[in-house]
Amino acid sequence: MPPTTGPGPAPTGPGVSGPTVQAARLPVAIRSVLRLLPTPLGTPFTSGYALVLAVTSYVASHADPAIVRSLHQGSSTDVAHLARYPVAVLFASALWIVGGFLSPYAAGFLLVLTALERRIGGVRAAGVFLLGHVVATLATEVPVGLAVWAGHLPGSSLHRFDYGISFGVAASVGSLAGLLSPWLRWPLLTLFGSVLAEDLILLDDPLTNWGHLLALALGVATWPLVRRAARARAVASGAVRT
Numbered sequence: 004m005p006p007t008t009g010p011g012p013a014p015t016g017p018g019v020s021g022p023t024v025q026a027a028r029l030p031v032a033i034r035s036v037l038r039l040l041p042t043p044l045g046t047p048f049t050s051g052y053a054l055v056l057a058v059t060s061y062v063a064s065h066a067d068p069a070i071v072r073s074l075h076q077g078s079s080t081d082v083a084h085l086a087r088y089p090v091a092v093l094f095a096s097a098l099w100i101v102g103g104f105l106s107p108y109a110a111g112f113l114l115v116l117t118a119l120e121r122r123i124g125g126v127r128a129a130g131v132f133l134l135g136h137v138v139a140t141l142a143t144e145v146p147v148g149l150a151v152w153a154g155h156l157p158g159s160s161l162h163r164f165d166y167g168i169s170f171g172v173a174a175s176v177g178s179l180a181g182l183l184s185p186w187l188r189w190p191l192l193t194l195f196g197s198v199l200a201e202d203l204i205l206l207d208d209p210l211t212n213w214g215h216l217l218a219l220a221l222g223v224a225t226w227p228l229v230r231r232a233a234r235a236r237a238v239a240s241g242a243v244r245t
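Mapping of the sequence shown onto this note's numbering: residues 4 to 245, in sequence order.
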């Protein structure tokens with residue numbers, strides 16, 4: 004009996020998985036869009052962090068306002084808290100997102116962190132985020148403490164509401180820009196930087212506004228490191244596929 008030459012059944016076995024075959028059949032455009040969104044396996048840091056922020060945002064929206072205010076106050080990275088509980092308050096302040104989880108700012112957080120983590124991995128993405136969050140916070144609050152100590156600011160300046168993830172996101176934007184093609188990199192930096200500069204000019208919250216610009220600069224400073232990490236990750240991924 005002559006062998007058949009027509010298409011046989013889809014290959015199966017330990018080397019081929021069902022989800023992999025299905026993913027390969029998806030149109031390229033759909034796969035590109037799906038890669039913009041976090042997934043537990045592909046972007047565990049972003050997915051886990053987003054879940055935490057969703058929970059705290061729900062609490063902030065539905066709990067008693069007095070309790071929420073107390074939680075925000077206890078999480079504030081002002082000088083008074085940093086002097087007593089630096090590590091705890093730096094961690095707690097990053098558990099809240101201003102505007103809630105359904106705000107446009109939250110969407111930006113998801114897109115930026117997802118894109119960064121897919122390129123350099125969860126540990127490095129978390130490192131970039133923490134770099135911006137911690138360094139920008141200390142750089143804006145330590146001068147306040149020194150000014151109060153020198154008598155240039157009143158003692159009330161040691162206590163203020165300062166919480167959220169904006170410094171970490173700003174650093175992540177700066178870092179991600181270095182991994183994009185030039186025609187995406189420079190418009191992104193120009194647009195984001197101009198928004199931050201406009202906020203600074205308006206003097207709505209100078210300390211926070213300076214912190215955003217500093218965090219963005221810190222992210223840009225990571226370009227050599229994240230580019231090296233992205234290349235190594237791409238090589239490793241290619242080796243696994245082959």
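Don't be surprised by glycine CBs; every beta carbon is placed ideally from N, CA and C. Since we're looking at a predicted model, the values are computed, not measured.
Distance from L93 to V58 at the Cβ level is roughly 19 Å; contact not present, criterion being Cβ atoms closer than 8 Å.
Taking all protein chains shown into account, Y52 has 16 or more neighbouring C-beta atoms within 10 Å of its C-beta and is therefore buried.
If you check the CB distance, L141 and V151 do not come in under 8 Å. Counting only residues of its own chain and dropping the five nearest sequence neighbours on each side, A180 has a CB closer than 6 Å to the CB of R188, L191 and L192. With a cut-off of 8 Å on Cβ pairs, the stretch 165-183 is in contact with the stretch 93-103, counting three or more such pairs. R127 and I70 have their C-alpha atoms some 35 Å from each other. In the structure shown, the three-state DSSP call for F132 is helix. In the displayed model, A233 falls within a helix according to three-state DSSP. Just so you know, the alpha carbons of D202 and G148 end up roughly 23 Å apart. Within a 10 Å sphere around the beta-carbon of S197 sit fewer than 16 other beta-carbons, which makes this residue exposed. Contact between V131 and L113 fails: their C-beta atoms lie close to 16 Å from each other, not under 8 Å.
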